Structures are given as structure tokens and as C-alpha cells.
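Under our numbering, the letters of the sequence shown match residues 1167 to 1608, in that order. These notes are about the structure you will find just below.
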Amino acid sequence: MAVPFSSSWPGDELEQQVRVGFLGCGTVGAEAVRILVERAEAIHRYTGIDLAVAAIAVRDPARDRGLDPALFTADAKAVVEDPDIDVVVEVMGGLEPTEELVAAALESGKPVVTANKELIAKRGGSLLDVAERANVDLLFEAAVGGGIPLIRPITESLAGEDIRRVIGIVNGTTNYILTRMTEEGGSFDEILADAQHLGYAEADPSADVDGHDAAQKAAILASLAFGTHVHADDVHTEGIRAVRGRDIGMASRLGYVVKLLAVCEFADADAVSVRVHPAMLPATHPLAGVRLSMNAVFVEGVSAGEQMFYGAGAGGGPTAIAVVGDVVDAARNLVQGARGPHVARAEVHPVTDMMSISNEFYVRLEVMDEPGVLATIAGVFGGHGISIKTVIQEGREADAEIVLITHPCEEAAMQATLRELRGLEPVEEVAAVLRVLGEDEG
Ligand code: NAP
Ligand code: HSE
């Protein structure tokens, strides 16, 4: 248990030793342990709390990690149940066995800090209920935006704000891949291998590339921003595998950049839309300049207007700083017999079906270069009530490439148009479809 700690720091009555148990010591955990050990004195000076890393559960406790081998165990349950551990840090990842371990820690009255967005996005509702019943903290600043302070600003500083929209680049791996494809034209697989080497990617990088990691973060952001509960499965999710260098180049020619965006907004007075997909952004948009593994999140509220949070969104160091901040917070609350702010979940907002959402679209078609083809294609768009804003046609011997940008139209109308286009004889391929963020959005 937290024990009195003797020191000359003023306000000695608050001084405690708080013992921290880690579940996981990989990219994030190893950095968090390092910071807690190396910055222990500074943290003590700031907070009056003596934080001690007391146990670490890993898969392979025999591996040399440059720390006292006596700290390591393969038994994560033993760390959670150890009566000498005051705060549990979960940086193992995944749902099993983490959900059970985190619930057990909370039930036994131990605050938990986690960087695990999958756990929060899929099991956050029930785990927050457990934390509330046990009157302990469940903190997850590191789960969205890596080192960017985002969860605390949304839940505390903006507690009185009527947030209408949150739009962001929340996956470092895909932003790193898209940035390098844009700037160097490199190969997808080679750039992904670099992102893995740099510690940005998830254990299974398809979580990044197919948009699931960003969808989990979007679910968390939407839940917190709108005070409701959005599950990761409610998020319309598309990744970046279909994004081609050709479209990145065409976007640039037209004054856009391609980014994987998380968009959470009120679709009408009541329902919300939460979606993750690649999109073309005007090159002048502030999110367009967010490069490599950096993340940025725009929050639009009724009173404060637009705010942008920017910083390192992935990697051991930045994420570990967010974990350590939560550990300090949890320890501070523990020694004061307090608890951090309640996470508001009182509102009930249905999540709108993607088919009713409107966007501008970029469509690239490979067609036969014959008289009347462009008119036929324009007729298909018109037949579904879609107005075309821009057309570029380039001939290549017997074939041609047609690139169109539409005015805003509903997803359902665009999908019906694409189905009809795919059935037309002169249309060889619908080669690319990207949503386009309008000039007035953010
Ligand atoms: P990682 O490098 O794969 O580390 C996972 C750690 O957990 C390793 O130390 C592993 O032990 C341990 N572990 C896994 N299963 C275990 C089990 N059943 N029992 C005991 N220990 C177990 O993962 P990471 O990149 O640090 O990510 C950890 C969490 O942070 C994930 O939820 C991830 O989504 C989240 N996160 C990561 C980043 C990032 O940039 N990497 C950013 C934000 C959030 P061994 O060392 O023995 O293999
Ligand atoms: N794999 C994640 C990313 C780590 O690339 O953003 C940070 O959550």
C-alpha cells in the first residue's frame, strides 16, 4: 500500500511512496519505466510523491532489459494481485487477458493507467463502470494522439463546451506512409517496414493500415467529445491500402494532399457520424501540413471555435510521457484519497449510417477513348443527382483517364453511381474513389 515517505519537501503530510506495477515493457512500457526511474527525483520535487516501479510483467522475463531482473515476472495476474502494488499500468495491448486484468485491478481498488485504445474503444464502457463502482481512476491519455495532451483538455478544459466536430489525423503509421509516398514516391511495403522499425506500428500493422487503430481512437474521441458511448464497431472504417501514388500525384496537381482522417461530428441535431477514411484535403488546410508520424486533432466548439492539438502521435517516448503523466495523476489522487473527474456518458446519440453522409468525391476512371464516353459518364452522375465540379481527361492511345471532382452528394448516391459506372462497357475500371474535404470544413 502507499506508505508515508520522509522528506524535507514542504507539505510533508502528503508525502507518500506509491508503488507502480507494469503489465508490459515493450516499446511504450520500457520508455515509461525508464522515465519513471530516471525522472523519479524530479517527479518527487514537483509532486511530493515518490513513485517506485515495483514489478513488471512481460512474456519473456529472462530477457535482459537493463533493469533489476528481480522486477520481472511472466505472471501478470500476480502483479495485479500484489498487495504492495498501488497503481497498475497496462501497456501490453489487446483485449485478452488485459480486460480481465484491468477489471480485477480496478475492482480491488487500484487505479489503472492504460495506453490501450482497443481496450478503451471496445470495453471502455464496462471498465469505466467498474472504476466508478470501485471509486478509482481509469486513465487513458496515451490511448489517443500518443504524447499530445488531448483526453484531459477534452474532458476537463472543454467540459463546458458544446463540441460539434472533431477531425484529426490520429494514426502515426499511416500518416508516415502517406507523407513519404507523397514526398518521395517510395514503396508502401518498404515504408511500412520503416514505420515498424521506428516503433510506430501496432503488433499487427494491419490495425494501422486498415484503419482499425484510427477507428478505435475516433470512437474514444467521439464518446468523450459528445458525452455519449460510441463503440469501435460503430465507426465506418476504411484504410489506406487502396491509395495509389497516381492519386497522391493527381491530388497534388489539383491542390490537395491525401490523409487518413478521423471525422466525428453531429450529422443532425441528435445523431452523430463517426468515420475513418482516406480523404483529399486542400493543401492550405492546417491538417495538410501534419507530416510523418505527427498527429493533429481539430476540435470545433460553439464557444471556443476551432482549436488544434498537435504533436507526436506514436512511438515509445511520446506515448510514455502521456502514460507517466497519468501515473502521476493517479498517484496524486490516491495519496489525497481523491479521484479524477468523472467521464461524462449521460448523452445518448445514435450513430448515423454512412450512406446518408455527404461529401465531395474524387473519382478516377480508366475508360475507352471513344466519342460520347465523357457525355455518358456525366449522364450517370447526373442521373443520380450528382453535380460535377471539375473534370480532367487525358488520352492514352485507345484509352483515356477521366478524373472528376463532384459537388457534395450523399454516400448512397455515389455508391449507386459507382455501381452503374462499373457496369458500363466503355468504363474499364473505377480506378480510385476518395472523399474530398471541402474548403469550408475546418
Ligand atoms: P509491444 O512493444 O508489443 O509491447 C508489449 C509488451 O507486453 C511486451 O513487453 C510483452 O512482453 C508484453 N506482453 C504481451 N503479452 C503479454 C502477456 N500475456 N503477459 C505478460 N506480458 C505480455 O507494444 P507497444 O507498442 O509498447 O504497445 C503497448 C500498448 O500501447 C498497446 O495497447 C498499443 O496499442 C499502445 N500504444 C502504442 C503506441 C506506440 O507508438 N507503440 C502508441 C500509443 C499506444 P515481451 O517484451 O516479453 O514480449
Ligand atoms: N500504431 C499507432 C499509430 C500507435 O501508428 O498511431 C499510436 O497509437
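Every residue gets a Cβ at the ideal spot worked out from N, C-alpha and C, and that includes glycine. No experiment lies behind these values; they were computed from the predicted model shown.
Practice task
Would you mind reading off the limits of the beta strand (DSSP E) that contains residue 1475?
Solution key: Taking the sequence shown and counting its residues from 1, the one referred to as residue 1475 is at position 309. First-last of the beta strand (DSSP E) with residue 1475: 1471-1478.
Practice task
Mind checking who residue 1430 pairs with in its DSSP beta bridge?
Solution key: As a first step, residue 1430 is located in the sequence shown; it is residue number 264 there, counting from the start. According to DSSP, residue 1430 bridges with 1332 and 1440.
Exercise for the section: Give the straight-line distance between the Cα atoms of residue 1250 and residue 1271, rounded to the nearest whole angstrom. Expected result: For the purposes of this step, residue 1250 is identified with residue 84 of the sequence shown, where counting begins at 1. For the purposes of this step, residue 1271 is identified with residue 105 of the sequence shown, where counting begins at 1. Using only the alpha carbons, I get a separation of about 12 Å.
Handout entry: CB contact flag (residue 1442, residue 1401, <8 Å)
Key = Taking the first residue of the sequence shown as position 1, residue 1442 is located at position 276. Taking the first residue of the sequence shown as position 1, residue 1401 is located at position 235. Yes.
Handout entry: Same chain, Cβ closer than 7 Å to residue 1512, neighbours up to 5 away in sequence not counted
Key = Residue 1512 sits at position 346 when you count from the first residue of the sequence shown. Excluding sequence neighbours, residue 1512 sits near 1393.
Exercise for the section: Note down, one range per segment and in chain order, each alpha helix (DSSP H) of at least 4 residues found wholly within the region 1526-1572. Expected result: 1539-1549
Practice task
Could you tell me if the beta carbon of residue 1383 falls within a distance shorter than 7 Å of some heavy atom in ligand 1?
Solution key: Taking the sequence shown and counting its residues from 1, one reaches residue 1383 at position 217. Taking 7 Å as the cut-off, the C-beta of residue 1383 does not count as close to any heavy atom of ligand 1.
Exercise for the section: Could you give the DSSP three-state label for residue 1524: helix, strand or coil? Expected result: Numbered from its first residue, the sequence shown carries residue 1524 at position 358. Strand, per DSSP.
Problem - Through-space distance from residue 1538 to residue 1371, alpha-carbon basis - result: Along the sequence shown, read from residue 1 onward, the residue named residue 1371 stands at position 205. Along the sequence shown, read from residue 1 onward, the residue named residue 1538 stands at position 372. Cα-Cα distance, rounded: 45 Å.
Practice task
Answer yes or no: the CB of residue 1366 versus the heavy atoms of ligand 2, is any distance below 7 Å?
Solution key: In the sequence shown, the residue the question calls residue 1366 occupies position 200. Checking every heavy atom of ligand 2 against the Cβ of residue 1366, one is found closer than 7 Å.
Exercise for the section: In angstroms with no decimal places, state the Cα-to-Cα distance between residue 1555 and residue 1300. Expected result: Taking the sequence shown and counting its residues from 1, the one referred to as residue 1555 is at position 389. Taking the sequence shown and counting its residues from 1, the one referred to as residue 1300 is at position 134. Cα to Cα, residue 1555 sits roughly 57 Å from residue 1300.
Practice task
Count the other CB atoms, across all protein chains shown, that sit within 10 Å of the CB of residue 1202; report buried if there are 16 or more and exposed otherwise.
Solution key: Numbered from 1 along the sequence shown, position 36 holds the residue referred to as residue 1202. The residue is buried, with at least 16 neighbouring Cβ atoms inside 10 Å.
Problem - Beta-carbon proximity of residue 1486 to residue 1198, cut-off 8 Å - result: The residue labelled residue 1486 in the question sits at position 320 within the sequence shown. The residue labelled residue 1198 in the question sits at position 32 within the sequence shown. In this structure, residue 1198 lies closer than 8 Å to residue 1486 by Cβ.
Exercise for the section: With a threshold of 7 Å, establish whether the CB of residue 1480 neighbours any heavy atom of ligand 2. Expected result: The residue you call residue 1480 lines up with position 314 of the sequence shown. Yes, the beta carbon of residue 1480 sits closer than 7 Å to at least one heavy atom of ligand 2.
Handout entry: residue 1601 - containing beta strand (DSSP E), residue span
Key = Position 435 of the sequence shown, counted from the start, is the residue given in the question as residue 1601. It spans 1593-1602 - the beta strand (DSSP E) in which residue 1601 sits, taken as one unbroken run.
Handout entry: Exposure label - residue 1313; buried when at least 16 CB within 10 Å
Key = The sequence position of residue 1313 within the sequence shown is 147, counting from 1. Under the 10 Å beta carbon count, residue 1313 is surrounded by 16 or more other beta carbons and is classified as buried.
Handout entry: Distance CB(residue 1546)-CB(residue 1558) smaller than 8 Å
Key = Along the sequence shown, one-based indexing puts residue 1546 at 380. Along the sequence shown, one-based indexing puts residue 1558 at 392. Not closer than 8 Å, so no.
Practice task
Check whether the region 1525-1539 touches the region 1497-1516, taking contact to mean three or more Cβ pairs, one atom from each stretch, closer than 8 Å.
Solution key: no
Problem - Run of the beta strand (DSSP E) containing residue 1498, from where it starts to where it stops - result: As a position in the sequence shown, residue 1498 is number 332, starting the count at 1. From DSSP, residue 1498 is part of no beta strand (DSSP E) but of the alpha helix (DSSP H) over 1482-1501.
Exercise for the section: Flag this pair as yes or no: are the beta carbons of residue 1403 and residue 1381 separated by less than 8 Å? Expected result: Numbered from its first residue, the sequence shown carries residue 1403 at position 237. Numbered from its first residue, the sequence shown carries residue 1381 at position 215. Yes; because the gap between Cβ atoms is below 8 Å, this pair is in contact.
Handout entry: Neighbour-count burial assignment, residue 1484, 16 or more Cβ in a 10 Å radius
Key = Here residue 1484 refers to the residue found at position 318 when the sequence shown is read from its first residue. Its Cβ being crowded by 16 or more others within 10 Å, residue 1484 is buried.
Practice task
Locate the alpha helix (DSSP H) running through residue 1185, then write down its first and last residues.
Solution key: By 1-based counting over the sequence shown, the position of residue 1185 is 19. Following the DSSP letters along the chain, one finds residue 1185 in no alpha helix (DSSP H) but inside the beta strand (DSSP E) bounded by residues 1182-1189.
Practice task
Identify, in the order they occur along the chain, each residue of the same chain with its Cβ nearer than 8 Å to the Cβ of residue 1286, setting aside the five sequence neighbours on each side.
Solution key: One-based indexing of the sequence shown puts residue 1286 at position 120. For residue 1286, same chain residues with a beta-carbon under 8 Å away, outside a window of 5 residues either side, are 1280, 1293, 1306, 1309, 1382 and 1386 in chain order.
Practice task
Assign residue 1392 to one of three DSSP states: helix, strand, or coil.
Solution key: As a first step, residue 1392 is located in the sequence shown; it is residue number 226 there, counting from the start. Correct three-state label for residue 1392: helix.
Practice task
Pick helix, strand or coil for residue 1246, following the three-state DSSP scheme.
Solution key: In the sequence shown, counting from the first residue as 1, residue 1246 sits at position 80. In the three-state scheme derived from DSSP, where H, G and I count as helix and E and B as strand, residue 1246 is classed as helix.
Handout entry: Coarse secondary structure for residue 1275, derived from DSSP in three states
Key = In the sequence shown, counting from the first residue as 1, residue 1275 sits at position 109. DSSP places residue 1275 in coil when its eight states are reduced to three.
Exercise for the section: Determine the DSSP secondary structure at residue 1258, reduced to helix, strand or coil. Expected result: Within the sequence shown, residue 1258 is the residue found at index 92, counting from 1. Of the three classes helix, strand and coil, the one that applies to residue 1258 here is coil, per DSSP.
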